[in-house]
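Worksheet: one structure, shown below.
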Amino acid sequence: MRYLKLLLILLASILCTTYVVLWLTKPAPIENTTIPPLIFQEEQGEVVIWGGWKTVEGYQTPGTNAVEIRCNRTSSACHEAFASILHHAEGEDLEAQVFSYKVSSWDATKLEAVAELAMGECLERRLVIHIPDKSAALSWSPPAGCEGDSGRAVLVGDPL
213 MRYLKLLLIL LASILCTTYV VLWLTKPAPI ENTTIPPLIF QEEQGEVVIW
263 GGWKTVEGYQ TPGTNAVEIR CNRTSSACHE AFASILHHAE GEDLEAQVFS
313 YKVSSWDATK LEAVAELAMG ECLERRLVIH IPDKSAALSW SPPAGCEGDS
363 GRAVLVGDPL
């Protein structure tokens, strides 16, 4: 478990470091900030996805984000490293988060996973990856007995 936490911190750190290095080498205003290309790899019981979330329902956070998702069939787990640059009048802020999901189903066409109480105290995240389409969707909502916002996002990427 200790190594898993270190791995998650490493993934989030890599995303943050990449954004900082890119910004320092070529500072760009909000109009020029891009998300990573959509990359989907599947091999030997593992799925690795790169891209960014585009909110299609619910609150749209300002800024640009990048995401890396790694799912492992053996451990029945997915880990999402999420980094976001928030632009505002005083400058930019860099935010990084890591979410751990438990795989609820995984077959040749679809992978579904849930991260309970992942956002705040009362929101859970549900990840659905469509393997043949090479697409992914994310939804968040409060479980029974909790109050909170709900929403949905799809994985997108800038062209190479």
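Using this note's numbering, the first residue of the sequence shown is number 213, and each one after it goes up by one.
C-beta: ideal position from N, C-alpha, C; glycine also.
Quick caveat, the model's predicted, so the values are computed rather than measured.
Residues bridged to residue i [DSSP beta-bridge criterion]
i	result
Tyr313	Cys290
Thr230	None, per the DSSP bridge assignment.
Ile281	Ile261, Glu292
Glu324	Ser317, Val340
Ala308	Ala295
Gly303	His300
Val368	Gly264
Thr276	Ile297
CA-to-CA distance, residue j to residue i, given in whole angstroms
i	j	result
Gly201	Arg338	Since the first and last residues shown for the chain are 213 and 372, residue 201 lies out of range.
Pro354	Glu333	9 Å
Val259	Leu298	28 Å
Leu306	Ala295	7 Å
Pro249	Trp352	24 Å
Arg282	Gly357	30 Å
Ala308	Ala320	31 Å
Arg214	Ile221	11 Å
Leu227	Leu219	13 Å
Lys346	Trp318	14 Å
Tyr231	Thr286	31 Å
Segment limits, beta strand (DSSP E) that includes residue i
i	result
Glu333	Taken as a continuous stretch (DSSP letters only), Glu333 belongs to no beta strand (DSSP E), as it is neither H nor E.
Glu255	251 to 255
Gly360	From DSSP, Gly360 is part of no beta strand (DSSP E); its letter is neither H nor E.
Ala348	347 to 353
Check whether residue i and residue j have beta carbons under 8 Å apart
i	j	result
Ile247	Ile261	no
Tyr271	Glu292	no
Leu335	Gly360	yes
Ala349	Val340	yes
Gly363	Glu269	yes
Ala365	Thr267	yes
Ile343	Leu367	no
Leu223	Val315	no
Asn284	Gly303	no
Any non-hydrogen atom of the ligand HEM closer than 7 Å to residue i Cβ
i	result
Ser296	With respect to small molecules bound, the structure shown includes none, and the ligand HEM cannot be examined in it.
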